[in-house]
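Read the structure below first, then the notes.
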Amino acid sequence: MKEKAYYTIGELSDICGISKRNLRFYDEKGLLKPSKRDSSNNYRYYSEEKAIDALKIKELKKKGLSISDIKLLVKKKDLKVFRNALNQSITALEKEKQLIEEQIRQSKASYSAVSQSLIYLETAQVNRDITIDYSPETYVYFTNYRCNHHAKKLFWDRFAELTQLCEEDNFQIIGPFSAIFHEHYFNQFFFDEGQLEVFYPITPTNVKHPRVRIIEKRLMMSKIVIGNYQSLLSTYVDLINYSKENNLQIIGPNLEEYLCDFSFGLHEDDWITRIAFPIIMNDDSCTLHPKKTALKHF
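In this text, residue positions in the sequence shown follow UniProt numbering: the first is 1, and each later residue adds one.
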């Protein structure tokens with residue numbers, strides 16, 4: 001550092017690598033006041049001692065310390081105070097790291113879902129093929145009660161409630177929002193209310209919780225469809241007819257898996273839903289062979 005009585009804010013910025021904006025901010029917060037001001041133009045001037053303080057502040061900022069902690073350290077120059085401040089900074093950074101890691105995980109999951117959705121949109125098999133496949137055993141976080149479940153409405157409130165509860169209980173979501181209609185599968189198109197279970201697949205856990213259950217491995221008949229929820233009725237008709245034609249017995253309530261929904265910011269005509277029924281094969285339906293590779297979700 002060249003010898004000079006005082007440095008302008010621009011010179012100090014160049015020497016220390018701190019923006020003039022930040023230097024002005026530090027002045028406002030009382031963290032780094034200029035040594036003097038020119039009475040004619042109000043320009044800031046900093047002594048060599050202030051330049052050294054500026055470098056201290058820069059290094060302490062790199063360690064994640066707050067402005068208030070840095071202000072205290074610059075004033076007291078005490079190792080114990082420094083250690084305590086560093087400990088608080090480490091704790092805060094660890095929490096921030098966890099949040100960032102969760103954001104990365106969710107972004108990767110969304111990227112995967114969007115990529116798969118694009119494949120669905122681009123393939124001619126969508127809205128036509130019915131598949132029979134085994135679903136894996138899956139841990140789910142759920143709520144189950146009567147509510148408005150009509151297909152003409154989004155049950156966004158159940159989505160919001162479940163998402164918030166799952167985050168508060170600290171379970172890791174690993175799959176799309178899904179719903180099980182515990183009454184007749186046609187009810188959602190003709191009646192406003194019904195028994196609706198909504199859930200997220202979550203990471204397997206040993207934690208006992210009233211909103212966590214296991215959906216066992218089972219054989220599923222399913223079809224993927226693109227469009228708004230009111231348009232799903234014809235897909236249900238296709239699945240029921242297919243089960244009758246192939247002597248498949250439906251043994252449980254229908255499942256809707258929302259692979260690409262309103263939360264993606266898409267127009268409702270581009271929503272992608274997987275509709276599925278648990279089934280068993282009767283003796284004369286043995287010509288149908290389930291795939292050996294299980295679906296990722298139900």
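Backbone N, C-alpha and C fix where the C-beta goes; we use that ideal spot for every residue, glycine too.
It should be emphasised that the depicted structure is a prediction, and the values quoted were computed from it without experimental measurement.
Can you check which of these residues, the options, is closest to residue i by C-alpha distance?
{"i": "residue 157", "options": "168, 84, 218 and 143", "result": "143"}
{"i": "residue 50", "options": "187, 30, 186 and 172", "result": "30"}
{"i": "residue 113", "options": "275, 137, 278 and 271", "result": "271"}
{"i": "residue 194", "options": "175, 180, 214 and 205", "result": "180"}
{"i": "residue 230", "options": "155, 22, 207 and 104", "result": "155"}
{"i": "residue 263", "options": "23, 110 and 218", "result": "110"}
{"i": "residue 186", "options": "253, 246 and 44", "result": "253"}
{"i": "residue 182", "options": "234, 89, 277 and 167", "result": "277"}
{"i": "residue 279", "options": "37, 218 and 191", "result": "218"}
{"i": "residue 43", "options": "20, 211 and 85", "result": "20"}
{"i": "residue 17", "options": "41, 40 and 55", "result": "55"}
{"i": "residue 28", "options": "226, 68 and 267", "result": "68"}
{"i": "residue 116", "options": "14, 212 and 226", "result": "226"}
{"i": "residue 215", "options": "134, 108, 10 and 40", "result": "134"}
With DSSP collapsed to three states, give me the class of residue i.
{"i": "residue 361", "result": "No statement about residue 361 is possible, as the shown extent of the chain runs from 1 to 298 and does not include it."}
{"i": "residue 334", "result": "Residue 334 is absent from the structure shown; the chain starts at 1 and stops at 298."}
{"i": "residue 251", "result": "coil"}
{"i": "residue 75", "result": "helix"}
{"i": "residue 302", "result": "Any answer about residue 302 is impossible in this case: the structure gives the chain only from 1 up to 298."}
{"i": "residue 266", "result": "coil"}
{"i": "residue 8", "result": "strand"}
{"i": "residue 211", "result": "coil"}
{"i": "residue 199", "result": "strand"}
{"i": "residue 87", "result": "helix"}
{"i": "residue 219", "result": "strand"}
{"i": "residue 115", "result": "helix"}
{"i": "residue 139", "result": "strand"}
{"i": "residue 259", "result": "strand"}
{"i": "residue 181", "result": "strand"}
{"i": "residue 20", "result": "helix"}
{"i": "residue 133", "result": "strand"}
{"i": "residue 273", "result": "strand"}
{"i": "residue 52", "result": "helix"}
{"i": "residue 148", "result": "strand"}
{"i": "residue 70", "result": "helix"}
{"i": "residue 174", "result": "coil"}
Hey, how far is the Cα of residue i from the Cα of residue j?
{"i": "residue 48", "j": "residue 95", "result": "37 Å"}
{"i": "residue 222", "j": "residue 281", "result": "14 Å"}
{"i": "residue 244", "j": "residue 170", "result": "43 Å"}
{"i": "residue 102", "j": "residue 178", "result": "21 Å"}
{"i": "residue 209", "j": "residue 167", "result": "14 Å"}
{"i": "residue 261", "j": "residue 174", "result": "16 Å"}
{"i": "residue 105", "j": "residue 98", "result": "10 Å"}
{"i": "residue 122", "j": "residue 220", "result": "24 Å"}
{"i": "residue 23", "j": "residue 32", "result": "7 Å"}
{"i": "residue 36", "j": "residue 64", "result": "29 Å"}
{"i": "residue 78", "j": "residue 85", "result": "11 Å"}
{"i": "residue 146", "j": "residue 159", "result": "14 Å"}
{"i": "residue 197", "j": "residue 207", "result": "21 Å"}
{"i": "residue 248", "j": "residue 256", "result": "19 Å"}
{"i": "residue 205", "j": "residue 165", "result": "16 Å"}
{"i": "residue 80", "j": "residue 38", "result": "38 Å"}
{"i": "residue 124", "j": "residue 269", "result": "Because residue 124 sits at a pLDDT of 45, beneath the cut-off of 50, its placement in the model cannot be relied upon, and the point is left open."}
{"i": "residue 14", "j": "residue 61", "result": "18 Å"}
{"i": "residue 184", "j": "residue 163", "result": "26 Å"}
{"i": "residue 66", "j": "residue 235", "result": "57 Å"}
{"i": "residue 76", "j": "residue 87", "result": "17 Å"}
{"i": "residue 136", "j": "residue 59", "result": "52 Å"}
{"i": "residue 12", "j": "residue 265", "result": "47 Å"}
Should residue i and residue j be called a contact, given that it needs their Cβ atoms to be closer than 7 Å?
{"i": "residue 199", "j": "residue 237", "result": "no"}
{"i": "residue 224", "j": "residue 274", "result": "yes"}
{"i": "residue 259", "j": "residue 176", "result": "yes"}
{"i": "residue 203", "j": "residue 172", "result": "yes"}
{"i": "residue 73", "j": "residue 82", "result": "yes"}
{"i": "residue 189", "j": "residue 233", "result": "yes"}
{"i": "residue 34", "j": "residue 26", "result": "no"}
{"i": "residue 57", "j": "residue 70", "result": "yes"}
{"i": "residue 342", "j": "residue 192", "result": "There is no way to answer for residue 342, as the model of the chain reaches only from 1 to 298."}
{"i": "residue 363", "j": "residue 132", "result": "This structure leaves residue 363 out entirely; the chain is present only between 1 and 298."}
Regarding residue i and the ligand COA, is the C-beta to nearest heavy atom distance less than 6 Å?
{"i": "residue 212", "result": "The ligand content of the structure shown is nil, which means the ligand COA is not present either."}
Compare the C-beta of residue i with all C-beta atoms of chain B and state if any pair is closer than 7 Å.
{"i": "residue 160", "result": "Of the protein chains in the structure, only one exists, and it is not chain B."}
The stretch 50 to 64 in contact with the stretch 5 to 25 per 3-pair CB rule at 8 Å: yes
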